[in-house]
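Number of protein chains: 2
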Amino acid sequence: MTSPEAREEAVLEAVRQRRELVNDAIPEELPIKRPERLYEASRYLLDAGGKRLRPTVLLTTAEALADVESLSAEYRSFTPLDESGPVDMMAAAVSVEVIQSFTLIHDDIMDDDDLRRGVPAVHEEYDLETAILAGDTLYSKAFEIMLETGAEPDRIVEALDVLATTCTKICEGQSLDVTFEEQTDVSPDEYLEMVEQKTAVLYAASACLPAILLGADDETIDALYGYGLDIGRAFQIQDDVLDLTVPSEQLGKQRGSDLVENKQTLITVHAREQGVDVDNLVDTDDVDAVTEAEIDDAVAELETAGSISYANDTASDLVAQGKNRLEVLPDNEARDLLCELADYLIERGY
Amino acid sequence: MTSPEAREEAVLEAVRQRRELVNDAIPEELPIKRPERLYEASRYLLDAGGKRLRPTVLLTTAEALADVESLSAEYRSFTPLDESGPVDMMAAAVSVEVIQSFTLIHDDIMDDDDLRRGVPAVHEEYDLETAILAGDTLYSKAFEIMLETGAEPDRIVEALDVLATTCTKICEGQSLDVTFEEQTDVSPDEYLEMVEQKTAVLYAASACLPAILLGADDETIDALYGYGLDIGRAFQIQDDVLDLTVPSEQLGKQRGSDLVENKQTLITVHAREQGVDVDNLVDTDDVDAVTEAEIDDAVAELETAGSISYANDTASDLVAQGKNRLEVLPDNEARDLLCELADYLIERGY
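Chains as they are written, first to last, in the UniProt record's numbering: chain A, 1 to 350; chain B, 1 to 350.
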């Protein structure tokens, strides 16, 4: 039996290997060209880092479906299940990362967040106009890149349909998120619906797109979509927990910023139901003014109310459910990695 | 022979008839649903009016290609040239109008314009967050709507490719436009390149999409794309002329706002080459502070430099070139209408 540490190290190594390939592919798909300032701004966050979890889910799902050994297949020329013409799976992987980056740029404007991945947000590093336009450029580029996979036309059409409806749902989720900031009666179910739309759908798209592009059956596509929704919701819940528990430096932004900005999380929604005066846990509305001691006190109160455990338990249940759905896949190393990735999403420390 | 007035009235009637059908289709393709505020904001400018010129070009081109009598075919179920399954041409028409509306919402934020079509801009009527998100929602909705045309998969793929690259070019053009505001050495050619990307490509897409969706040959697709580029550039040049010559009330925004905001137009680019001190034609940078008399004086100076005639001549040449390209189409009533539409774009008074 392997130790938990060894298992986590193996997952991280698998993520790292795929991340490097994705990092190489991003400048190939999104070269800096005229007008340079626009493309530099579009690439700014992509180049600043990121774990590339969604592309990793996508590439690993492709390997599991094709039943090939880890990293043995050429992602740029991946053989479909019916052995029709090769599919550029890396293009699909970059496409979802580009969508993710577009949403981060626009979200940072909307949430007035100054820092992202330890660097200034795009609207801070450049300006509001450039940030809006950089996001808009990435938006259409994601579609252009997905159009280059070379898959059969009916599969490309289905893949683009998933991409477009995913983007619409992300907007709907972000809209709900903004509305929730002014509400004090959001239920856990409403919160989870919002998280599904805002965050989980892009994991769902990442998991089901290889099945679509490689020509898998509808049952497989649906099961993988469900896996993505489950682990995506778990990921967001864990993100909300980490926002309270990880030092600012490691987080790349102020710890507790969600609390300061009155963002709803599963933790605050639960705490409010337990009678905690969530709106007054932190006195200030300004992330630059809050102290570490204030955040510590707030976290202690949320722990006493059982809200952090509640969030952890919900995330664990979602991960277990997601892993079960993977039984549609052949039993292989890549499927095991998808299970371990799911575990990692809620065990990760940042 | 018909009089110019009778000809213009006939074009306007043809535009009106198609506009009404497009206006009926917009709420069908973009119903107000949860989250309501987001969809209301997304529909706000679309519902405020607009001439629907791009959808009219698209629908009329479809009629010309199919060689059917004006308004005789059912746009929702249009027969392709090879008589394969019916195509929802109205969905394609709404899709380009939705793209247009998304760009207006984001452009108004970037240009800090308060008024559009005589009503407050979306970021004024709602707020910045909602306006960004409404634009983002329309962006993906345009792709979703185009995916619903029911055309053959390879044609849908090509249509989506045109839509995606068009959006990318619009962003590139808008980026150049913003950059040009701080430059005093923009040449007429550079200006026309910017206009091609920012404005003309959506006319080009509108003209060539029916050819793609109905299965026309590449020569026809290319010629129609060229027609759209030509009339689209002419349209923007005329818009720049109208910004100086049409009363604010009729324009739906302050007359001369381009001059006040130091926006480059073909007129100012030409005038600068003639030695006019364009940057000091108007003293203020604030559209709310400028007087009608100041605008009148500026226009008189631009007229003396020959810059307004130069813009009018350039637009006329482009329209003539665009009309020539239509010879790939069968000689029919719809083709005549496309010629008259081209003339209308530069003869219109607002």
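For every residue, glycine included, the Cβ atom is placed at its ideal position computed from N, Cα and C.
Check                                                                                                                                                                         : Outcome
Quick check: the Cα distance between threonine 2(A) and leucine 58(A), rounded to an integer number of angstroms?                                                             : 26 Å
Determine, using beta carbons only, whether cysteine 167(A) comes closer than 8 Å to chain B.                                                                                 : yes
Per DSSP, arginine 116(A) forms a beta bridge with which residues?                                                                                                            : Val119(A)
Relative to the C-alpha of aspartate 277(B), which residue among Ala289(B), Asp288(B), Ala48(B), Ala305(B) is closest?                                                        : Ala305(B)
Out of Glu144(A), Pro210(A), Asp279(A), which one is the CA nearest neighbour of glutamine 183(A)?                                                                            : Asp279(A)
For leucine 244(B), which residues of its own chain have a beta-carbon under 8 Å away from its beta-carbon, when the five flanking residues on both sides are left out?       : Arg255, Gly256, Asp258, Leu259, Ile267, Ile295, Ala298, Val299, Leu302, Ile308
Which of the three DSSP states is assigned to valine 260(A) in this structure?                                                                                                : helix
Using only alpha-carbon positions, find the residue among Ser101(A), Gln174(A), Gln236(A), Leu12(A) that is nearest to proline 35(B).                                         : Gln174(A)
Using a cut-off of 8 Å between C-beta atoms, extract the partners of arginine 37(A) located in chain B.                                                                       : Ser175, Thr179
Tell me whether the beta-carbon of arginine 37(A) lies closer than 8 Å to the beta-carbon of threonine 130(A).                                                                : yes
Rounded to the nearest angstrom, how far is the Cβ of glycine 215(A) from that of aspartate 82(A), given a contact under 8 Å?                                                 : 5 Å
Pick out whichever of Ser248(A), Met110(A), Tyr310(A), Arg325(A) has its Cα sitting closest to the Cα of alanine 223(A).                                                      : Arg325(A)
Report the rounded CA-to-CA distance for glutamate 333(A) versus glutamate 97(A), giving the unit in angstroms.                                                               : 24 Å
Cysteine 208(B) CB to nearest chain A CB: under 8 Å?                                                                                                                          : no
Indicate whether isoleucine 145(A) and glutamate 29(A) have their beta-carbon atoms separated by less than 8 Å.                                                               : yes
Does the beta carbon of isoleucine 105(A) sit closer than 8 Å to a beta carbon anywhere in chain B?                                                                           : no
With a threshold of 7 Å on Cβ separation, who are the neighbours of arginine 76(A) within its own chain once the five nearest residues in sequence on each side are excluded? : Asp88, Met90
Determine, using beta carbons only, whether glutamate 193(B) comes closer than 8 Å to chain A.                                                                                : no
Does the CB of glutamate 273(B) have a neighbour CB from chain A at under 8 Å?                                                                                                : no
Run through chain A and tell me which residues come within less than 9 Å of threonine 137(B), C-beta to C-beta.                                                               : Cys167, Thr168, Cys171, Glu172, Ser175
Report yes or no: is there a C-beta of chain B within less than 8 Å of the C-beta of serine 140(A)?                                                                           : yes
Taking DSSP as the reference, what is the three-state secondary structure of valine 186(A)?                                                                                   : coil
With 8 Å set as the bound, which would you pick, yes or no: does the beta-carbon of valine 157(A) sit closer than that to a beta-carbon of chain B?                           : yes
Determine which residues of the stretch 27-57 of chain A have a Cβ less than 8 Å from any Cβ of chain B, and write them out in chain order.                                   : Arg34, Pro35, Arg37, Leu38
Does the stretch 148-160 of chain A touch the stretch 199-207 of chain B, meaning 3 or more C-beta pairs lie closer than 8 Å?                                                 : no
Output yes if chain B places a C-beta closer than 8 Å to the C-beta of glutamate 144(A); else output no.                                                                      : yes
Below 8 Å between beta carbons: does that hold for leucine 45(A) and leucine 104(A)?                                                                                          : yes
Who are the near neighbours of arginine 162(A) in its chain, counting only those whose CB is closer than 7 Å to its CB and skipping five residues on each side?               : It should be noted that the sequence gives valine, not arginine, for residue 162(A). Closer than 7 Å at the Cβ level, and outside the excluded window around valine 162(A), lie Ala205, Cys208, Leu209, Ile212.
Contact check, leucine 329(A) vs phenylalanine 235(A) under 8 Å by CB: the rounded distance?                                                                                  : Not a contact, Cβ separation roughly 20 Å.
So is glycine 118(A) buried or exposed if we call it buried at 16+ other beta carbons inside 10 Å?                                                                            : exposed
So is alanine 64(A) buried or exposed if we call it buried at 16+ other beta carbons inside 10 Å?                                                                             : buried
Distance check for threonine 168(B) and leucine 229(B), CA to CA, integer angstroms please.                                                                                   : 16 Å
Would you call the CB atoms of glutamate 124(A) and aspartate 114(A) closer than 8 Å?                                                                                         : yes
CB-CB under 7 Å to tyrosine 227(A), same chain, minus the five flanking residues each way: which ones, in chain order?                                                        : Ala207, Gly322, Arg325, Leu326
Does the beta-carbon of glutamine 238(B) have 16 or more other beta-carbons within 10 angstroms, so that it is buried, or is it exposed?                                      : buried
What does the alpha-carbon distance come out to for the pair lysine 198(B) and isoleucine 170(B)?                                                                             : 4 Å
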